[in-house]
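Notes follow once the structure below has been shown.
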Amino acid sequence: MKRIFDTQLIGPFAAMVIVALIVALTTERFLNPGNLSNLSLQVSIVALIAIGSTIVIFAAGIDLSSGSMVALLTMILAQMLKFVGIPLVLALPLILLMGGLLGLFIGLITAYGRIPSFITTLAALIAFRGLALTFNNGSPIFSLDPALEPIFYGKLFGVPMPFFYLVFFYVLAAFTMNFTKLGREIYAVGGNPAAAVLTGINVRKVQTTTFVIAGFMTAVGAILMSARLNSGSPNYGQTLELQAIAAAVVGGASLAGGRGNILATLMGAMTIVIVQNGLNLNAAPSSVQNIVLGLIILLAVGIDMWRAEISGLMGRMFGRPSSQQSSNVKKEA
Amino acid sequence: MTPATPLWEFVDITKAYPGVLANDKVCIRLMPGSIHGLLGENGCGKSTMIKTLSGVQQPDSGQILHNGKPVTISDPQAARELGIATVFQEFSIVPTLSVGENIFLGNMPRSRFGVIDWTKVHNEAARVLAEMDVDVSPETITGSLSVGEQQLVEIAKAVAMDARMIILDEPTAALGEDEIERLHQLLRKMRERGTAILYVSHRLDEVERIVDEVTILRNGCVVRASGETKINVSEIVSAMVGEDIGEHYPKEQNAAKDIVLEAAGLATNSGVKDVSFSLHRGEVLGLGGVLGSGRTEIARALFGTDELTAGQISLNGKPVRFRREIDAIRAGLALVPENRKFDGLFFNFRASGNVTAASLGGLSRFGVLNLKAEEQATHDLIRDLEISTQAEEKTVNFLSGGNQQKIVIARWLFSASDILILDEPTQGIDIGAKIAVYKLINRLTRAGKSIILISSDHDELLAMSDRIAVVQHGTIARTVDAHDLTHDDLVRASADTPQSKPKEAFA
């Protein structure tokens with residue numbers, strides 16, 4: 001247990017609490033039950049997609065395709081429900097399957113075609129948006145199915161449904177990353193792919209798997225997006241991929257791969273959404289919101305890069321020896 | 001022959017890092033026209049001293065005298081201006097630039113209009129190279145040269161700036177025997193011209209050959225100043241380690257009669273051709289040969305990394321075929337790669353993740369890892385192999401080279417491999433850790449495991465192998481009993497065919 005709730009969580013958790021405190025103190029309506037429940041709805045889609053984005057990052061890849069894939073999948077779902085007449089109980093598993101297959105496709109091209117994931121998913125980012133426009137002459141499709149909305153807006157014991165999805169998928173992801181062979185292999189591939197090859201890990205298969213997971217989680221996000229608006233649109237999910245990556249980075253995942261904690265991504269996503277919420281409640285224009293989001297990402301990565309200096313500074317301030325090691329001068333028997 | 005005034009004198013240099021006193025009143029005196037060895041185990045404070053000498057960092061206290069006058073070396077630029085050139089372990093050449101450009105990097109001769117004077121660059125570079133007896137054109141792209149030639153380019157930079165003192169940090173770590181000899185010739189030549197040379201190396205046999213005086217550090221202090229010790233390997237080793245370490249190469253004979261691995265006519269596209277040999281149970285088979293002779297490629301062929309284009313591998317008499325590394329691992333093979341930093345270690349893991357990386361299948365049930373068993377096994381291996389206990393809590397980048405190497409070997413102890421291929425297992429680790437690796441080899445062979453040992457350290461190879469296969473141009477020229485071979489034999493045997501460009505076949 002101590003490994004999941006390790007020191008990697010302290011930073012992102014502290015950041016989230018500090019941001020929440022600042023917003024709570026400066027904004028009256030922030031702590032309203034209505035607003036808090038709204039917050040959990042807002043965070044759910046980006047936080048669920050960020051699970052996949054983070055796992056791809058753990059394996060030293062990057063997934064830029066999720067936002068466009070959301071648009072494509074909402075359009076396919078809308079098409080199926082409205083025009084093809086496939087029942088909802090069948091359409092939803094099909095969408096999840098399709099998300100996984102799109103991820104598989106990206107993963108295979110990336111891992112076996114040896115094309116950097118930045119390029120394959122950038123291409124997918126552009127192409128999926130285009131594909132989404134081929135449905136219904138590029139127009140949104142509304143009023144899909146009355147049974148769709150409760151998936152997002154429904155409540156169980158007074159708690160919004162997305163809360164349960166978050167708990168379910170984050171527990172599953174944390175379990176996978178910390179307790180399973182697959183999780184270990186993902187970290188190994190991200191940490192040192194050359195060493196992973198020599199220890200018999202099937203690096204390409206592992207890389208492909210991370211994209212399948214990402215595609216599946218994007219499909220989950222797409223279903224929630226459709227349910228939220230009871231519609232499909234080729235314009236949905238714009239910059240969602242960047243918000244998901246930002247959540248991972250604010251959560252402390254190293255873009256170089258191999259390091260990070262999946263639960264921290266949830267905190268990263270919450271931090272971002274709380275800031276956005278605070279700005280919304282204070283009627284800040286979206287231009288300001290984007291600028292602030294950019295600064296948060298910069299700060300999060302900066303803190304990570306300057307960690308050694310910061311801890312050295314803290315050590316001097318509070319009289320604690322620095323955690324920075326000088327292994328080259330220390331005699332180790 | 002040595003003049004009375006030293007060129008450089010470093011007096012009572014002290015430098016502390018948080019929690020560690022890295023240099024404690026270290027004094028070094030460097031004479032013009034003398035090669036001075038700075039020796040000591042990893043962590044003794046050599047690197048700290050080099051950083052101070054080259055202006056990378058400032059000492060906390062102490063005095064630096066240049067020709068008897070006090071100076072400060074405020075930064076690397078100041079060091080250069082004072083005539084100090086440092087050749088660091090990691091090269092600072094740019095592989096995509098030409099040799100001439102590299103030699104004058106940061107200091108390009110310019111014409112009147114401020115543009116680079118290419119004629120001058122090439123002429124000057126050619127002059128420096130000729131002076132050094134290095135047969136390389138200034139227009140060659142540096143990355144296409146062999147590692148040894150790149151090292152010489154690095155030194156040419158120092159010559160071009162007319163350095164009066166050159167610091168060489170592990171200059172031979174990546175060099176073959178003939179390249180080392182070439183480097184040494186060059187250093188002797190520079191010594192004759194009055195250059196002071198500070199030579200830092202783990203390869204004590206070559207230190208014995210080249211240096212005029214030594215300073216030995218231990219735990220940040222000078223334990224033998226210049227002139228206080230004879231320059232001979234066993235005296236240097238006991239001064240470095242601080243105790244009589246006994247036998248430097250504690251070889252045990254554990255080879256049995258039965259053959260565990262047989263290779264017949266192996267060939268690959270990476271240059272291995274017609275390689276045949278057999279490996280007995282409990283045997284250490286040494287692969288000797290110059291850098292680039294194909295030893296590493298043979299290891300890759302055995303391990304399923306490079307596809308065989310011909311030949312057959314048999315284990316315990318049964319023919320096998322490895323499509324990938326995992327097939328070889330499942331069959332009981334293990335590869336400890338040449339460069340533990342590049343393809344051995346996972347720096348994002350603690351010892352446990354590194355130890356179990358090759359055995360995740362056996363450690364898990366239905367895909368779920370048994371973390372308790374992992375921690376227990378790691379704990380036991382850390383104790384058994386005397387690895388720093390920090391490895392249990394910290395990621396392995398915090399460990400010394402010796403500890404890191406033990407962890408890579410521990411991986412294959414945990415996976416219960418029967419045949420271990422050790423590619424340069426003692427490169428860049430200190431003498432105490434080397435002996436620990438040798439003892440580990442004994443322990444493995446005693447337990448009936450077999451070892452293929454690749455090493456560029458000829459003394460080590462001769463002492464620790466039962467038989468030695470001499471590799472030339474990707475094939476095994478001959479196999480002989482190790483005790484029928486002397487150091488000179490091995491050097492000659494591995495070098496007797498023309499090998500001006502051994503890189504070519506494998507580039």
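Protein chains in written order, with the working numbering: chain A, 1 to 333; chain B, 1 to 507. Cβ atoms here follow ideal geometry from the backbone N, Cα and C, with glycine treated the same way.
For residue i, return the contacting residues in chain B, with the cut-off set at a CB-CB distance below 7 Å.
i, result
"Glu185 (chain A)", "Leu360"
"Gly99 (chain A)", "What Gly99 (chain A) touches in chain B: nothing, since even the nearest Cβ is about 22 Å away."
Mind checking which residues open and close the beta strand (DSSP E) that includes residue i?
i, result
"Asn23 (chain B)", "20 to 30"
"His280 (chain B)", "275 to 280"
"Thr475 (chain B)", "475 to 481"
"His36 (chain B)", "34 to 39"
"Lys449 (chain B)", "Lys449 (chain B) -> no beta strand (DSSP E), and no H or E assigned at all."
"Asp459 (chain B)", "Not the beta strand (DSSP E): Asp459 (chain B) falls in the alpha helix (DSSP H), residues 458 to 464."
Quick check on the burial criterion: 16 or more other C-beta atoms within 10 angstroms. Buried or exposed for residue i?
i, result
"Thr26 (chain A)", "exposed"
"Lys2 (chain A)", "Low local confidence applies: a pLDDT of 47 at Lys2 (chain A) is under 50, so the model's placement there is unreliable, and no value is given."
"Ala288 (chain A)", "Note that residue 288 (chain A) is Val in the sequence shown here, rather than Ala. That one is exposed."
"Glu28 (chain A)", "exposed"
"Ala447 (chain B)", "exposed"
"Lys46 (chain B)", "buried"
"Phe118 (chain A)", "exposed"
"Ala507 (chain B)", "Here the model assigns Ala507 (chain B) a pLDDT of 35, short of 50, so the residue's position is not dependable, and the following value carries that caveat. With fewer than 16 Cβ atoms within 10 Å of its Cβ, Ala507 (chain B) is classed as exposed."
"Asp306 (chain B)", "buried"
"Leu369 (chain B)", "buried"
"Asn192 (chain A)", "buried"
"Arg112 (chain B)", "exposed"
"Phe10 (chain B)", "buried"
"Ala71 (chain A)", "buried"
"Gly130 (chain A)", "exposed"
"Thr2 (chain B)", "Confidence at Thr2 (chain B) is low in this model, with a pLDDT of 46, below 50, so its placement is unreliable and the value that follows should be read with caution. It counts as exposed."
"Thr195 (chain B)", "buried"
"Gln238 (chain A)", "exposed"
"Lys530 (chain B)", "Residue 530 (chain B) lies beyond the residue range present for chain B, which begins at 1 and ends at 507; the question has no answer from this structure."
"Phe157 (chain A)", "exposed"
"Arg320 (chain A)", "In this prediction, Arg320 (chain A) scores a pLDDT of 44, lower than 50, which makes its location untrustworthy; the coordinate-derived value is nonetheless stated afterwards. With fewer than 16 Cβ atoms within 10 Å of its Cβ, Arg320 (chain A) is classed as exposed."
"Asn102 (chain B)", "buried"
"Phe346 (chain B)", "buried"
What residues of chain A sit near residue i, judged by a beta carbon separation below 8 Å?
i, result
"Ser364 (chain B)", "Thr180, Lys181"
"Val368 (chain B)", "Phe179, Thr180, Lys181"
Please compile the residues from chain B whose C-beta is within a distance smaller than 9 Å of the C-beta of residue i.
i, result
"Arg204 (chain A)", "Within 9 Å Cβ-Cβ: nothing; Arg204 (chain A) doesn't reach chain B, min ~11 Å."
"Gly278 (chain A)", "The contacting residues do not exist; Gly278 (chain A) stays about 34 Å from chain B at best."
Which chain B residues are close to residue i, counting only those with a beta carbon under 8 Å from its beta carbon?
i, result
"Thr199 (chain A)", "Glu325, Ile329, Ala357, Ala358, Arg411"
"Arg373 (chain A)", "Lying outside 1 to 333, the shown extent of chain A, residue 373 (chain A) is not represented and no answer is given."
"Ala188 (chain A)", "Phe346, Phe349, Gly353, Ala357"
"Gly191 (chain A)", "Phe346, Phe347, Asn348, Phe349"
By the criterion of Cβ-Cβ separation under 7 Å, what are the contact partners of residue i in chain A?
i, result
"Pro337 (chain B)", "Leu198"
"Phe342 (chain B)", "Ala194"
Ends of the alpha helix (DSSP H) at residue i?
i, result
"Tyr438 (chain B)", "431 to 446"
"Leu7 (chain B)", "Neither: Leu7 (chain B) is in no alpha helix (DSSP H) and is coded neither H nor E."
"Lys341 (chain B)", "340 to 343"
"Ile272 (chain A)", "262 to 281"
"Ala24 (chain A)", "10 to 26"
"Val396 (chain B)", "Counting along the chain, Val396 (chain B) falls outside any alpha helix (DSSP H), and DSSP gives it neither H nor E."
"Gln390 (chain B)", "Note, Gln390 (chain B): premise wrong, no alpha helix (DSSP H); not H, not E."
"Ala410 (chain B)", "401 to 414"
Assuming residue i contacts residue j under a Cβ cut-off of 8 Å, what Cβ separation, rounded to an integer in Å, is found between them?
i, j, result
"Ala156 (chain B)", "Met132 (chain B)", "6 Å"
"Ala244 (chain A)", "Val46 (chain A)", "6 Å"
"Ala50 (chain A)", "Ala269 (chain A)", "5 Å"
"Ala433 (chain B)", "Leu462 (chain B)", "So it is not a contact: roughly 20 Å between Cβ atoms."
"Ala264 (chain B)", "Ala158 (chain B)", "Not a contact, Cβ separation roughly 49 Å."
Every unbroken beta strand (DSSP E) within the segment 114 to 176 of chain B, with a cutoff of 3 residues, ordered by chain: Fully enclosed beta strand (DSSP E) runs of 3 or longer: 165 to 169.
Can you give, in chain order, each stretch of the beta strand (DSSP E) that sits fully within the segment 42 to 107 of chain B and has at least 3 residues? Runs found: 61 to 66, 84 to 87.
Which complete alpha helix (DSSP H) runs does the segment 251 to 309 of chain B hold, if anything under 4 residues is left out? Segments of the alpha helix (DSSP H) lying fully in the segment 251 to 309 of chain B: 295 to 302.
Runs of beta strand (DSSP E) wholly within the segment 177 to 245 of chain B (minimum 3 residues, chain order): You should have 196 to 200, 213 to 218, 221 to 224.
List in chain order: all unbroken alpha helix (DSSP H) runs of 4+ residues lying wholly within the segment 187 to 257 of chain A. The qualifying runs are 193 to 198, 203 to 229, 240 to 250.
If you scan the segment 39 to 95 of chain A from start to end, which runs of the alpha helix (DSSP H) of 4 or more residues do you find wholly inside it? Listed in chain order, the complete alpha helix (DSSP H) runs (minimum 4 residues) inside the segment 39 to 95 of chain A are 66 to 78.
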